Every structure is written in C-alpha cells, then in structure tokens.
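Here's the structure we're looking at; comments come further down.
2 protein chains.
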Amino acid sequence: MNPVNLDHISSSHLLPEVQEAMIELIKNFRGNPSSQNIAGEKAGERLAKARESVAGLLGCAPKEVVFESCGTESVNHAIKGVARAHVDKGKHIVTSNIEHNAVNRSIKRLMQLGWKATSVPVDDKGRVNPADVEKAIRDDTVLVTIMHSNNEIGTIQPISEISEITRKKGVLLHTDAVDSVGVIPFDVGQMGADLVSFGSNSFYGPTGVGGLYIRKGTKIWPIMDGGIQEHNRRAGTENLIGIVGMGVAADLARQHMDERVNHLKKLKSLLLRELPKYIDEYLINGDVENGLPNLVSLSVKYVEGESLMLMLEDAGYTVATRSACATGSLRASHVLMSIGLDHADAQGTLVITPGIENTEEDVMGFLAALGDIVKSLRDISPLYKNR
Amino acid sequence: MNPVNLDHISSSHLLPEVQEAMIELIKNFRGNPSSQNIAGEKAGERLAKARESVAGLLGCAPKEVVFESCGTESVNHAIKGVARAHVDKGKHIVTSNIEHNAVNRSIKRLMQLGWKATSVPVDDKGRVNPADVEKAIRDDTVLVTIMHSNNEIGTIQPISEISEITRKKGVLLHTDAVDSVGVIPFDVGQMGADLVSFGSNSFYGPTGVGGLYIRKGTKIWPIMDGGIQEHNRRAGTENLIGIVGMGVAADLARQHMDERVNHLKKLKSLLLRELPKYIDEYLINGDVENGLPNLVSLSVKYVEGESLMLMLEDAGYTVATRSACATGSLRASHVLMSIGLDHADAQGTLVITPGIENTEEDVMGFLAALGDIVKSLRDISPLYKNR
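Top to bottom, those sequences are chains A and B.
Residue 114 in the numbering used here sits at position 114 of the first sequence; the count goes up by one each step and never skips.
Residue 1101 in the numbering used here sits at position 101 of the second sequence; the count goes up by one each step and never skips.
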C-alpha cells in the first residue's frame, strides 16, 4: 500500500482529469505548434487553450503567460531576464532572507557578474516588513524579488503592500509564487507584482512544467534564445503534453479553489488542535494565521527530523524534513535560522503538507504515529535525558 | 484520416513503448527525485534508468548526461555556459553559417555582452571545411560550435575531423546534434566533441525533453540556478514523465538503429530515383551521399513552397517548407542562401522527412500528388511561363 502523502510540497499525484488529457495527447497526437501544417495548427490550439486556462487562474491576459519547464526556470528567467534588460538603470536587486534557492542562486550568479543585492530580514514568523523593502531600494535598484509564500514555513508575504512601494519607486517586482498559485486565491491584478513564477505540480498538474506571468510592457530578456516560441520570450519546442496537463489542472484549481482551501484549512486546524494530545515540547513555525492552508512546519525538540521522517514513512506517512530542492545540503535550513530557531530545534523540523485527497482520518493516524515515534526517539535521546 | 507524416523533423508520433511508459507513470506515480522518502527514491531510480538509456545511445557515462527541457535549452546551456565559464581565456566563438537559430541567437545574445564570433562558410553542399575552422580559431577562442547534421538540408559535418583540430588547439567543441542523435549511429567517443545537444522527439520520444552531453571534466556554468539536480548542472524539478519517455525511446533507437537507417535510406533512394518521373526543373539540396537518411531537401523551380505544402496537405501528405522553429520569419532560409541558392529557388523548397512508420507506398503516393500539384501550380505561374 502506498503511504499517505503528507508531503505534497515535494510531489503530488495528478488529478484524473489531468491524467486523461495527457494520456489522450500521448496516444493520439503529434504536432509542433511552430509548424504551418494542420497538425501544427491543432497543436497551437491546444497550447492556446492551456494558456487561457492558466491566465484564468492568475487573472491576467493569456499573452502575459510564458510557459517554462519548471518554477526554477521561471524564477531564473524573471531575475536574470530583468537584471539584463535594465542594466542601463543599475545593477542592484532587493530580496529577502527566506527565499527559495532558485532565487538565492540566481542572484548569487548575477553577483558573480557584478550585480549587488540587499536582503531584507524577516520577523520570527517569517514576515517581511514592507518598510524594510522601501529602505533597501536604491537609485540603481532594478528589481525587488520576494516570495509569495514560503515552502518551509508557509508564511505569506504582504506582496500587494510591497507592490505599492515598488510602483511608487518605479522598480519592478517579482514574486516566486510556486507554492501559492493554484493553492490559494491569487490574482495578479490585486497582487500588483510585475512578474510571478509558478509551477504546475502545486495544483496537481505534472512536474517539469511551470510558467512566468510577465505584466504587459515589462522589459525582460529571455534566458533561452532560438525560435520565436512564447512570443519571442522563451525559445524551444514546447512540452505540449505537460502544458496541456497544467492547463486542465489550472481550470480545476480555479473551479474548486474555495472547497479545496476550506478542506485544507480544516485538516490544518485539526492537526494543530490535536497535536498537544500526542506530543509536547514542540514549536509551530511560521505565520499560522496568515500562512498556507496546506502547510504545517513542526519542530520537535530533542529529536532528528530525518529519523522522524524515516520512521513515519515506515508507519505509512510521507512527510518532508526540509525543502526537497535543498536535499544534499547538510546545513540547517536558512529559512528556519532566519526566523530565529536554534540549530538543534531546526534539526527536528518536519514540513507537513496535506493535499486535497487527504482526510481527517489521515491526520489522526499521522498524529498517533507521530506520538509513538517521538516517544521512542526521545527514549533513546541523550539530549532529551539531559534537557 | 490523418495525413501521411513526411515532416518528422517538426514532429513525430510517440512509439507505443514510449507511450506505455509515460502513461504508466502518469497513472501510478508521484515522487520527486530530490525527496528523501520512498516515493523520491523510486523517482530517482526512474531518472537514473533513463539516464543510463540515454548514455547508452550516446556511448558515454551516465554522469555525462544532463537532462534539459529541449534541444534549444541544451544549445543555450552549452554555448552560454562554456562562454561564461571560460571568460578568463577569452570571448571568441567559432561557428558556421548554417546553424540552427538556437545556436545563432545564443551567440548573438553573447555578442550583445561583448563576445565576438567568427562564422565559417559552407560549400554548395553545405559542408564545413575543417581547415576553415582551424584558421578561424584564435588565442581567445573558447568554443567551436558546429552542428552535426543540418535540419533543412541534411548535410552531416566532419565533426570528428574538427574535433582533432579543437583538441590540438585546446578549444572546446560543441555540436548541435538534435537531428542526428537517435537517428543515425552516434558515438561521442568517436565524435570527439566535448558537448553534444540532442532532443527526444528526433527518436520518437516526447517533445519538451532533451539533453546535453558534457564530457567529464568540462568546465561549464549552468543557465538555470537553484536546486542541486543534475549534479548541480541544471536546477529545477525534473520532467520525469518526459524523461522516462525519452529513456525508452533511446533504448529502442539503439536496438533498432540499423534497421531504421536501412529502411529510411531505402525510402530516400526510392524518392530520389522516382522523382524525375513526376517533376522536372528541381534541385536536391545538401549532401545526398553523406546526409541524413531521413531528409530530402527539394527546391521546385517556379513555385512557392508554402502553396506546395498546403496543397500536399490537402492531398494527404504533411511536409515542411522550412525549419519549424523559423516560422514567422518571412526571409529566405539562411541555410539555403549559404549553399548558394538564389532567392526564387529557395522559396520553392520542401523539406521531406520520412519516419520509420512510412512505407514505399507513402513515398509513391506523395510523388504522384507532388507531380499533379507542381503541374497545376506551374500552369498558373507567370515565372514558369516567362522562364
């Protein structure tokens, strides 16, 4: 039996309707949207339909959507593309201390080439203060990039407030919204960001597909040059199967947004409410009130997150200990350090991300398993004995 | 009824085994190769298996394969990544006059940033002379990039001869082999190139997946920064469904290479042998003897390629008039101009690319349709009357 997936932030199943659309294309289709023949035209129609679906989810015009191969590509495109296109104005970028590595490393790459960056701090709930962003903006600032919601602690940033500042200052605003778009209501008009990165798997579409919203009129370079696909903003023959899957997933996310959010909120409340009955001495990280409805960051004192994760998996529950993209690094999460956790507490952190298919029984079963496992791990923990 | 596809260079169907593997993954699978849980491990195994299959097709070590989102991304990665990593040595690139736009525009992008390029000419069959490459290499040259086979005329370049020169000179060699890998026998050891770009759809795998061979020890920057996927050479959550499809397609290409090549050669010979019985006053472009077995470039005098293409499609045969990636540009193909065609002849050019599913009947039916259509178009052509 497959374990219960409480690690949707790493990977979600594909919805049946998404599967169906992709399989139909795999079986019956060929065609290159750039070809001038009938197969090409049909492929172009599929591409256009998916673009409309995604634009509908974001509340933007279809022409403002560029399909990319993942959220990481979108982020690279936004940051490097804006930096390159606005070099006449300056070479300074403002970001925050808790961004995803796609943002951090894109900026580091630019710094190797002479760009400068200012990173604003976050408070103990992981919130950026818009006033800090305003102070960090200089005359040579070309881009502010602040994530919409954090993939480790779920905190949602005040992007629309920040966008008022960036507009006033005449600076472009990018938000990495990979864990928000398709998960919570998200409207680019209301948000005010000029560029928004998103990924399809966050809303039960396939991995390897994402997109970048680019507000009409925004000057940006491509990072991939070649053919004239995506209105000359992203060259390369399209991953049509994946894009069509994302389109269907976008339609479903829009249609079922409210019920999904309510369901996830209910599971999250249940988990937080019942948790003290199963374990003690723990921290809940991030902004619980204004955070993602599908994410709980839990630091269990005196135990190792990896052991917890492995034993929970044996018990039938998949959770994560850190951003999946960060695996391989042994350092404590920069996000958890930024909100003031000490190293020991950070090590015992689980990221629990239920999905729309999870039930209250899943949550209760998880809590029971967690209680047993924490007890048995603490029984052998010298840290716990000597606390 | 679907038309007979003689435009495989734009788009091919997916082989049944490829479909099956992708559908199985779509239905039953979730998992992020970067996750430390069981689903992640299983995903990692699928990824590793696909990498071995692709490495087997290329004759290299699995670690030398980087999965990319298409041939265009691979080309951008190779050219921009090498240029960036070797800037201490210099900022000069050698290329040829008949490269794909992914190469041309990647180089143009670098030229906006201070790089220089020398483009070597080709002869009337589209062949690069290795001596010209040798002469073009300067002390500050960091990369030679010459395509393996041309997507419009099929000419195959003497890459192994060129590699002897680049090795002697201590310059890296990249070859855009998108239309060769999986189509004709291709061994990176024998070829001698340090970087090889390829795409999955050329060998009946999905679009939106490609790869870059990077010889062990080659210094190159990523173009996508973020997570540590692909041994730190290409960040971003993998398009696992597409990659697994490419892996299966690679295995099949390797197993059936000889029979496929023989079949395609037979179709090409038949087409060329019978053609004079159906039309006159035409040119066959490129190097017929040493060219791709699945490509015929035919310039029909006194008619427009687009009209030919549209009428052939009505008659049930899909062909291309130019590189699919170049659609939207109204200029005559730079490849055809480079081999000395005049503008008028270039306008009447068809690119006919049969696939492994095509039959001799398909070729004969196409020729009969072509004969009728050329006759009817010439009957109304003032160019033809006044020739």
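For glycine and all other residues, C-beta sits at the position ideal for the given N, C-alpha and C.
Since we're looking at a predicted model, the values are computed, not measured.
Task: Start and end residues, alpha helix (DSSP H) containing T1155 (chain B) - done: The sequence position of residue 1155 (chain B) within the second sequence is 155, counting from 1. Looking at the DSSP string, T1155 (chain B) is not in any alpha helix (DSSP H), and its letter there is neither H nor E.
Task: Below-8 Å beta-carbon distance, T1327 (chain B) vs any chain A residue - done: The residue you call residue 1327 (chain B) lines up with position 327 of the second sequence. Residue confidence is low: T1327 (chain B) scores 47 on pLDDT, short of 50, so the model does not pin down where it sits. No coordinate-derived value is stated.
Open item on the list: Quick check on D1194 (chain B): buried or exposed, where buried means 16 or more other Cβ atoms within 10 Å of its Cβ?
Closed with: On the second sequence, residue 1194 (chain B) is found 194 positions in, with the first residue counted as 1. Counting other Cβ atoms within 10 Å of its Cβ, D1194 (chain B) reaches 16 or more and is therefore classed as buried.
Task: Beta-carbon gap between I1220 (chain B) and G1192 (chain B) smaller than 8 Å - done: In the second sequence, the residue the question calls residue 1220 (chain B) occupies position 220. In the second sequence, the residue the question calls residue 1192 (chain B) occupies position 192. Not in contact: I1220 (chain B) and G1192 (chain B) (Cβ atoms no closer than 8 Å).
Task: Own chain partners of M1 (chain A) with C-beta closer than 6 Å, once the 5 adjacent residues on each side are dropped - done: In the first sequence, residue 1 (chain A) corresponds to position 1, counting from 1. Contacts found: none.
Task: Test: R1105 (chain B) CB closer than 8 Å to a CB of chain A - done: Position 105 of the second sequence, counted from the start, is the residue given in the question as residue 1105 (chain B). Yes, R1105 (chain B) lies at the interface with chain A (some Cβ there is under 8 Å from its Cβ).
TODO: Under 8 Å by Cβ, that's how I've got V1178 (chain B) and G1071 (chain B) pegged, so tell me the actual separation to the nearest angstrom.
DONE: Walking along the second sequence from the start, residue 1178 (chain B) turns up at place 178. Walking along the second sequence from the start, residue 1071 (chain B) turns up at place 71. So it is a contact: roughly 4 Å between Cβ atoms.
Task: Rounded separation between I1026 (chain B) and A250 (chain A) - CA only - done: Position 26 of the second sequence holds residue 1026 (chain B). Position 250 of the first sequence holds residue 250 (chain A). Computed Cα separation, rounded: 17 Å.
TODO: Using the Cα positions of L6 (chain A) and L143 (chain A), report the straight-line distance between them to the nearest angstrom.
DONE: Locating residue 6 (chain A) in the first sequence gives position 6, where the first residue counts as 1. Locating residue 143 (chain A) in the first sequence gives position 143, where the first residue counts as 1. Between the alpha carbons of L6 (chain A) and L143 (chain A) lies a distance of about 35 Å.
Task: Residues sharing a beta bridge with H92 (chain A), DSSP - done: Taking the first sequence and counting its residues from 1, one reaches residue 92 (chain A) at position 92. Answer is A:K116, A:T141, bridged to H92 (chain A).
Task: CB of I380 (chain A) within 8 Å of CB of L312 (chain A), strictly - done: Here residue 380 (chain A) refers to the residue found at position 380 of the first sequence. Here residue 312 (chain A) refers to the residue found at position 312 of the first sequence. Taking 8 Å as the Cβ cut-off, I380 (chain A) and L312 (chain A) do not qualify as a contacting pair.
Task: Inter-residue CB distance, L270 (chain A) and V363 (chain A) (contact presumed, cutoff 8 Å) - done: Locating residue 270 (chain A) in the first sequence gives position 270, where the first residue counts as 1. Locating residue 363 (chain A) in the first sequence gives position 363, where the first residue counts as 1. Yes, they are in contact, since the Cβ atoms of L270 (chain A) and V363 (chain A) sit about 5 Å apart, within 8 Å.
Task: Proximity to T175 (chain A) [Cα-Cα], best of A:G189, A:T318, A:S197 - done: Position 175 of the first sequence, counted from the first residue, corresponds to residue 175 (chain A). Sorting A:G189, A:T318, A:S197 by C-alpha distance to the C-alpha of T175 (chain A) places A:S197 at the top.
- [ ] Consider the Cβ of Q347 (chain A): report whether some Cβ of chain B lies at a distance smaller than 8 Å.
- [x] Residue 347 (chain A) sits at position 347 when you count from the first residue of the first sequence. Interface residue (Cβ-Cβ distance to chain B less than 8 Å): Q347 (chain A) is not classified as such.
TODO: For chain B, find out if any of its Cβ atoms is closer than 8 Å to the Cβ of M246 (chain A); answer yes or no.
DONE: Numbered from 1 along the first sequence, position 246 holds the residue referred to as residue 246 (chain A). M246 (chain A) does not count as touching chain B.
TODO: Measure from the C-beta of R1109 (chain B) to each C-beta in chain A and report whether the shortest distance is under 8 Å.
DONE: Numbered from its first residue, the second sequence carries residue 1109 (chain B) at position 109. At least one chain A Cβ lies under 8 Å of R1109 (chain B).
- [ ] Could you tell me whether any Cβ in chain A is nearer than 8 Å to the Cβ of M1257 (chain B)?
- [x] In the second sequence, residue 1257 (chain B) corresponds to position 257, counting from 1. At a cut-off of 8 Å between beta carbons, M1257 (chain B) makes no contact with chain A.
- [ ] Tell me whether the beta-carbon of V1296 (chain B) lies closer than 8 Å to the beta-carbon of I1352 (chain B).
- [x] Sequence index remark: in the second sequence, residue 1296 (chain B) carries index 296 (1-based). Sequence index remark: in the second sequence, residue 1352 (chain B) carries index 352 (1-based). A contact, by the Cβ cut-off of 8 Å.
Open item on the list: Within 8 Å of any Cβ in chain A, is that where the Cβ of A1320 (chain B) sits?
Closed with: Mapped onto the second sequence, residue 1320 (chain B) falls at position 320. A1320 (chain B) counts as touching chain A.
TODO: List the residues of chain B whose Cβ lies closer than 8 Å to the Cβ of C60 (chain A), in chain order.
DONE: For the purposes of this step, residue 60 (chain A) is taken as residue 60 along the first sequence, with counting starting at 1. Per Cβ cutoff of 8 Å: no residues; C60 (chain A) is ~23 Å from chain B at best.
Open item on the list: Whether or not the region 1340-1358 of chain B and the region 1294-1310 of chain B are in contact is what I'm after, with contact meaning three or more pairs of Cβ atoms, one per stretch, closer than 8 Å; do they touch?
Closed with: These segments touch.
- [ ] Would you give the residue range spanned by the alpha helix (DSSP H) that N1285 (chain B) belongs to?
- [x] One-based indexing of the second sequence puts residue 1285 (chain B) at position 285. Judged by DSSP secondary structure, N1285 (chain B) falls outside any alpha helix (DSSP H) and instead within the beta strand (DSSP E) spanning 1282-1285.
Open item on the list: Under 8 Å: do the region 1084-1091 of chain B and the region 1048-1067 of chain B share three or more Cβ pairs, one atom per stretch?
Closed with: As far as the Cβ criterion goes, the region 1084-1091 of chain B does not touch the region 1048-1067 of chain B, which means the pair count is below three.
Open item on the list: If the criterion is Cβ atoms closer than 8 Å, does the pair G1245 (chain B) and P1293 (chain B) meet it?
Closed with: On the second sequence, residue 1245 (chain B) is found 245 positions in, with the first residue counted as 1. On the second sequence, residue 1293 (chain B) is found 293 positions in, with the first residue counted as 1. No, the pair does not count as a contact, with Cβ atoms beyond the cut-off.
TODO: With 8 Å as the threshold, decide whether the Cβ of M1 (chain A) is near any Cβ in chain B.
DONE: On the first sequence, position 1 is the one that residue 1 (chain A) refers to. At a cut-off of 8 Å, the C-beta of M1 (chain A) has no neighbouring C-beta in chain B.
Open item on the list: For a cutoff of 8 Å on Cβ pairs, would you count P1030 (chain B) as touching chain A?
Closed with: Here residue 1030 (chain B) corresponds to residue number 30 of the second sequence, with the count starting at 1. Per the sequence shown, residue 1030 (chain B) should be read as Arg rather than Pro. Yes - at least one Cβ of chain A is within 8 Å of the one on R1030 (chain B).
Open item on the list: Within 8 Å, do at least three Cβ pairs link the region 232-247 of chain A to the region 272-287 of chain A?
Closed with: The region 272-287 of chain A vs the region 232-247 of chain A: no contact.
- [ ] Please report the residue range of the alpha helix (DSSP H) in which G1044 (chain B) lies.
- [x] By one-based count along the second sequence, residue 1044 (chain B) stands at place 44. Per DSSP, G1044 (chain B) belongs to the alpha helix (DSSP H) from 1038-1058.
- [ ] Compare the C-alpha of D1170 (chain B) against each of B:A1346, B:H1086, B:E1099 and name the closest.
- [x] Mapped onto the second sequence, residue 1170 (chain B) falls at position 170. Residue 1170 (chain B) is actually Gly in this sequence, not Asp. Ranking B:A1346, B:H1086, B:E1099 by CA distance to the CA of G1170 (chain B) puts B:H1086 first.
Task: Neighbouring residues, chain A, relative to I1023 (chain B) (Cβ below 9 Å) - done: Walking along the second sequence from the start, residue 1023 (chain B) turns up at place 23. In chain order: Q19, M22, I23, I26, K27.
Open item on the list: Could you check whether the Cβ of H1013 (chain B) sits closer than 8 Å to any Cβ belonging to chain A?
Closed with: The residue labelled residue 1013 (chain B) in the question sits at position 13 within the second sequence. Chain A, which has a Cβ nearer than 8 Å to the Cβ of H1013 (chain B), makes this yes.
Open item on the list: Using only the alpha-carbon positions, how far apart do C325 (chain A) and R105 (chain A) sit?
Closed with: Mapped onto the first sequence, residue 325 (chain A) falls at position 325. Mapped onto the first sequence, residue 105 (chain A) falls at position 105. Confidence at C325 (chain A) is low in this model, with a pLDDT of 44, below 50, so its placement is unreliable and the value that follows should be read with caution. Going by the C-alpha atoms only, they are around 12 Å apart.
- [ ] Identify, in the order they occur along the chain, each residue of the same chain with its Cβ nearer than 6 Å to the Cβ of M1022 (chain B), setting aside the five sequence neighbours on each side.
- [x] Counted from its first residue, the second sequence places residue 1022 (chain B) at position 22. Setting aside the 5 residues that flank it on each side, M1022 (chain B) is surrounded in the same chain by I1241, G1245, each with a C-beta closer than 6 Å to its C-beta; the list follows chain order.
Task: Residue burial classification, E73 (chain A) (beta-carbon count within 10 angstroms, cutoff 16) - done: What you label residue 73 (chain A) is simply residue 73 of the first sequence in a count that begins at 1. It counts as buried.
TODO: Can you have a look at P1222 (chain B) and say buried or exposed, based on whether 16 or more other CB atoms are within 10 angstroms of its CB?
DONE: Position 222 of the second sequence holds residue 1222 (chain B). Here P1222 (chain B) is buried: its Cβ has 16 or more other Cβ atoms, across all protein chains shown, within 10 Å.
TODO: Taking C-beta pairs closer than 8 Å, name the residues in chain A that M1309 (chain B) reaches, listed in chain order.
DONE: Taking the first residue of the second sequence as 1, we reach residue 1309 (chain B) at position 309. Those within 8 Å of M1309 (chain B) in chain A are Q36, N37.
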